[in-house]
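> Next up is a structure, given as structure tokens.
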Amino acid sequence: MKLFNAGSFKLHLNTLFLALLLLSFTSLTACSSNNNVKSNTQMTGIKAAVFSIENGDTLSLLDSKNKLFTVRLAGIDAPENTQPSGLAAKQNLFNLVFDKTVQVVIEKADTRQSIARVYVNKVDISANQVQKGLAWVLTDSTDKNLQTLEKTARAKKVGLWAATNPIAPWDWRAGKRR
27 MKLFNAGSFK LHLNTLFLAL LLLSFTSLTA CSSNNNVKSN TQMTGIKAAV
77 FSIENGDTLS LLDSKNKLFT VRLAGIDAPE NTQPSGLAAK QNLFNLVFDK
127 TVQVVIEKAD TRQSIARVYV NKVDISANQV QKGLAWVLTD STDKNLQTLE
177 KTARAKKVGL WAATNPIAPW DWRAGKRR
């Protein structure tokens, strides 16, 4: 009498594997409560662990193979660390992503530093930095959501917009400090 059917066992293992894979995917794409900075697009990309925060718009990450890579947040430029609001931007980024797994969608790959959208629980980190007045939207950005968030932050005078004449990071780096 045969008690074990190998074919049936393989079928059950395959079904279990697919169910676990689906469960992992759905928990990865769970909804966020922050609607203002939530992504409206379907996220694809890679999961990564945050290794370090360089400044308010640059992260070093570890992928699943423990490969270290650096990304700059897409669409924004945060104040330099030595600039007014620079450390606040870095601290906010730290608070958002430290000790968390992030979803990274590379927009432009580079060997030194890629440009990427980074999400924590579907929250767009670039949008969060802009919404809190801790980053400028890049002048060549076509992202309407980021532009609207910056306009609102300016009007409310939050973050760096509370200053009389905040200096854009690109001007700061060029030495145009007032």
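Going by this note's numbering, the first residue of the sequence shown is number 27, and it counts up by one from there.
Using N, Cα and C, we set each Cβ at its ideal position, and we do this for glycine too.
Any chance the CB of D150 is under 7 Å from a heavy atom of the ligand MG?
Because no ligand of any kind appears in the structure shown, any question about the ligand MG cannot be addressed here.
> Should the region 159-166 be regarded as contacting the region 128-137, the criterion being three or more beta carbon pairs within less than 8 Å?
Result no; under three Cβ-Cβ pairs closer than 8 Å.
> Pairs of beta-carbons, one from the region 148-164 and one from the region 172-187, closer than 8 Å: are there three or more?
With the cut-off at 8 Å, the region 148-164 and the region 172-187 touch.
> In three-state terms, what does DSSP make of K134?
In the structure shown, K134 sits in a strand (DSSP, three-state: E or B).
> Which class does A100 belong to by DSSP, given the choice of helix, strand or coil?
Here A100 sits in coil by DSSP.
> Taking only runs that begin and end inside the region 104-132, name each unbroken beta strand (DSSP E) of 3 or more residues, in chain order.
As far as the region 104-132 is concerned, it has no whole beta strand (DSSP E) run of at least 3 residues.
> Exposed or buried, which one is F124 when buried takes at least 16 other CB atoms within 10 Å?
Classification of F124: exposed, given that the 10 Å Cβ count is below 16.
> Can you tell me whether D103 is buried or exposed, with buried defined as 16 or more other CB within 10 angstroms of its CB?
By the neighbour-count rule (16 or more Cβ atoms within 10 Å), D103 is buried.
> If contact is defined by three or more beta carbon pairs under 8 Å, each pair taking one atom from either stretch, is the region 142-158 in contact with the region 192-202?
No: fewer than three Cβ pairs fall under 8 Å.
> Counting only the same chain and skipping the five closest in sequence on each side, list residues whose C-beta sits under 7 Å from that of F120.
Once the five neighbours on either side are set aside, the close Cβ partners of F120 are I79.
> What is the DSSP secondary structure of L160, counted as helix, strand or coil?
It is coil, neither helix nor strand.
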